[in-house]
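Residue numbers (this note's numbering): 7 to 344. Only one structure is covered here, and it is reproduced in the block below.
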């Protein structure tokens, strides 16, 4: 009987840079299509802006606060790959403050959070990919028809047929420039717009503040967002953790301020907002240099088939957590069609 040889010519090796939702989505979808995929992450673990900070009695979400699902395929993807127990509906009350300081409820919408923390989703997704952490890719060198990846420690991390970049625009542009990808570099400058910075502070209170909503968008020059993290499902906190996000303008003006100064300023504004008299028992601050997309232009993704390099991220779809999944899904469709 004549033996048959498996045709592996269509199998590509793909590097994915970044292990936020966009990077993990791209890696999973490409892997399911039979390609060999490896994900590189500069931090200690996956998550990107779906990040949580460890605190004494658990964790608090300091990045993305919740997500919605306009495309039912998004929730199906999360259920299949992160697990149905990795997220749940957040039945919170949301309000925003108008210029006259009166309050109005947010429009009704189903909102979801990771359980028991936002990173549960990306942790679940990362179980399906080959993930290399604490490696920041600084340059991609052309090697024939393939790309050789070099990190900031000048170490060689191998050759790949294609590369997917899911870093924020400024970091993506640095990588493209170092790799001589001028055409893609110009495209990221046009549609990407600015990614707005954000100082985030989480504060813990033994006695709950008197707040009319679980999550609020105040009319403030300092605070952009405040939320009762302990109101989210499966948070078994002793007392309450509140997350305070500064406005992009205030963050920009205080981008190099100390965490102590930032925490003091945001807490003072929070006290004024809620009428709180007491002091927090604990606090933690985190500076996001790349927090929210300011662009309204939405190309969805970028893909150069001649170079074998694609770019995905929520900043290419106007922001939102679901946008990261949308962008990566659209990019992988284009890659698999070639």
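Cβ coordinates follow ideal geometry from the N, Cα and C atoms, glycine included.
Just to confirm, are residue i and residue j a CB contact at a threshold of 9 Å?
i: residue 84; j: residue 131; result: yes
i: residue 121; j: residue 239; result: yes
i: residue 272; j: residue 202; result: no
i: residue 134; j: residue 34; result: yes
i: residue 289; j: residue 269; result: yes
i: residue 116; j: residue 335; result: no
i: residue 46; j: residue 142; result: yes
i: residue 165; j: residue 154; result: yes
i: residue 75; j: residue 67; result: no
i: residue 327; j: residue 72; result: yes
i: residue 190; j: residue 110; result: no
i: residue 305; j: residue 159; result: no
i: residue 279; j: residue 209; result: no
i: residue 204; j: residue 251; result: yes
i: residue 337; j: residue 170; result: yes
i: residue 64; j: residue 213; result: no
i: residue 293; j: residue 265; result: yes
i: residue 78; j: residue 128; result: no
i: residue 23; j: residue 181; result: yes
Can you name the start and end residues of the alpha helix (DSSP H) that residue i belongs to?
i: residue 126; result: 125-132
i: residue 119; result: Premise fails: residue 119 lies in the beta strand (DSSP E), 118-120, not in any alpha helix (DSSP H).
Along the chain, where does the beta strand (DSSP E) containing residue i start, and where does it finish?
i: residue 276; result: Element bounds for residue 276: not the beta strand (DSSP E) but the alpha helix (DSSP H), 265-280.
i: residue 136; result: 136-138
i: residue 150; result: Segment: none, residue 150 is in no beta strand (DSSP E) and carries neither H nor E.
i: residue 250; result: 246-252
i: residue 215; result: Here residue 215 belongs to no beta strand (DSSP E), and DSSP marks it neither H nor E.
i: residue 184; result: From DSSP, residue 184 is part of no beta strand (DSSP E) but of the alpha helix (DSSP H) over 175-184.
i: residue 203; result: 201-211
i: residue 23; result: 19-23
i: residue 232; result: 229-234
i: residue 115; result: Premise fails: residue 115 is in no beta strand (DSSP E) and is neither H nor E.
i: residue 165; result: 162-166
So residue i and residue j are in contact, right, with Cβ under 8 Å, and what is the actual spacing, rounded?
i: residue 227; j: residue 257; result: Between residue 257 and residue 227 the Cβ distance is about 11 Å, and since that is not below 8 Å, they are no contact.
i: residue 43; j: residue 20; result: 5 Å
i: residue 139; j: residue 50; result: 6 Å
i: residue 260; j: residue 248; result: That pair is no contact at about 20 Å.
i: residue 102; j: residue 222; result: 7 Å
i: residue 340; j: residue 26; result: Actually they do not touch by this definition, with Cβ atoms about 20 Å apart.
i: residue 184; j: residue 144; result: 6 Å
i: residue 333; j: residue 28; result: 6 Å
i: residue 18; j: residue 246; result: Their Cβ separation, rounded to whole angstroms, is 49 Å, which puts residue 18 and residue 246 out of contact at 8 Å.
i: residue 105; j: residue 225; result: 6 Å
i: residue 291; j: residue 206; result: 7 Å
How about the region 94-101 and the region 280-288: do they share at least three Cβ pairs that are nearer than 8 Å? no
For the region 29-102, which segments carrying the beta strand (DSSP E) assignment without a break, of at least 3 residues, lie completely within its bounds, in sequence order? 42-46, 58-61, 64-67 and 93-95
Touch check for the region 165-177 and the region 318-325: three-plus C-beta pairs under 8 Å? yes
Entirely enclosed alpha helix (DSSP H) segments - the region 291-338, minimum 4 residues: none
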